[in-house]
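First comes the structure, then the notes that go with it.
Numbering (mature numbering (1 follows the signal peptide of the UniProt record, and there is no 0)), first residue to last: -24 to -1, 1 to 199.
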C-alpha cells in the first residue's frame, strides 16, 4: 500500500518547508509534479502538485490538466469522451496514498527570527528521515508559512532560508537532494481568521498567531 506522511512543523516566525521526491518531476516542462511511475503526485486532500511551469493555458495542454484542474479549464478542453469497456476483467485501480499527520511546535526548529536549526529541531527532522527510510521514498515536499508581521518580501525570504536549512539537514542524513522539493508561501496562507488575533505586534498577538508560523512536510512513497 502506498503511504504518505504529512508532517506539520510550526515555526517561530516565518517558515518554510523542505521536501520532495520524484526523479522526473519536471520532465518536458510538465506543469504537474510526476512521480517515478509517471503519475501526478497529489496531496493528502487530493490536490495535484503544480510545478513552476503551471498556468491555465499550460494546464489545458497537459495530459493531466483535466484531471487536476478541470474547473479552471474551458469546457471543450475537458469534454469527456465515451470510452468502451475493454473485454475481460478490469485491472484493479491503483492504490490511493494514505496519510499520517504529526504536529510539532515549530519553535523547536528555529529561534525567533532565525533560520539556523536548533538541536531540538534536528531531532524532529530525524523523525522525518526515519519515516522516509522506512518506505520506498518517491517525494518529500515542504511548504513554509509565516504570520502577518513583517513585509511580504522579508517573510518570503525568511521562509525560503528556513526551507533551505531543512532540506540541507535532510540531505545530510542521506535523503537524495533530487527527492526534496521546497516552497515558501510567506504570510499569504494564514490558518487564523482575519479577526482572530487583532491588534499591533505584541507578545499576546505573536502567541495568538503561532498557528500561522508553520512548515508542512509531506513524505510520499510505497511501503
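Idealized CB from N, CA, C, for every residue including glycine.
Outcome for residue i when other beta-carbon atoms lying within 10 angstroms are tallied against a minimum of 16
i, result
"residue 50", "exposed"
"residue 110", "exposed"
"residue 170", "exposed"
"residue 160", "buried"
"residue 102", "exposed"
"residue 100", "buried"
"residue 76", "Interpretation of residue 76 is limited by its pLDDT of 46, a score under 50 that renders its predicted location unreliable; no figure is taken from the coordinates."
"residue 32", "exposed"
"residue 112", "exposed"
"residue 35", "buried"
"residue 190", "buried"
"residue -2", "Note that residue -2 has pLDDT 41, beneath the 50 cutoff, so the model's placement of it is unreliable and no number is given."
"residue 22", "exposed"
Sequence-distant residues of the same chain with beta carbon closer than 8 Å to residue i, five excluded per side
i, result
"residue 184", "168, 172 and 173"
"residue 94", "84, 85, 86 and 87"
The alpha helix (DSSP H) enclosing residue i, as first and last residue numbers
i, result
"residue 131", "128 to 148"
"residue 159", "Unbroken run through residue 159 is the beta strand (DSSP E), 156 to 160; no alpha helix (DSSP H)."
"residue 103", "95 to 109"
Opening and closing residue of the beta strand (DSSP E) in which residue i lies
i, result
"residue 118", "112 to 121"
"residue 196", "190 to 198"
7 Å Cβ shell around residue i - same chain, five flanking residues per side excluded
i, result
"residue 19", "25 and 194"
Anticipated Cβ contact below 8 Å, residue i with residue j, distance rounded
i, j, result
"residue 131", "residue 162", "4 Å"
"residue 16", "residue 44", "6 Å"
"residue 91", "residue 141", "5 Å"
Cutoff 6 Å; reference residue i; Cβ partners in own chain excluding five residues on either side
i, result
"residue 29", "5 and 7"
"residue 166", "188"
Any contact between the stretch 145 to 156 and the stretch 119 to 137? By contact I mean 3 or more CB pairs, one from each, below 8 Å.
no
With three or more C-beta pairs closer than 8 Å as the rule, is the stretch 96 to 116 touching the stretch 176 to 192?
no
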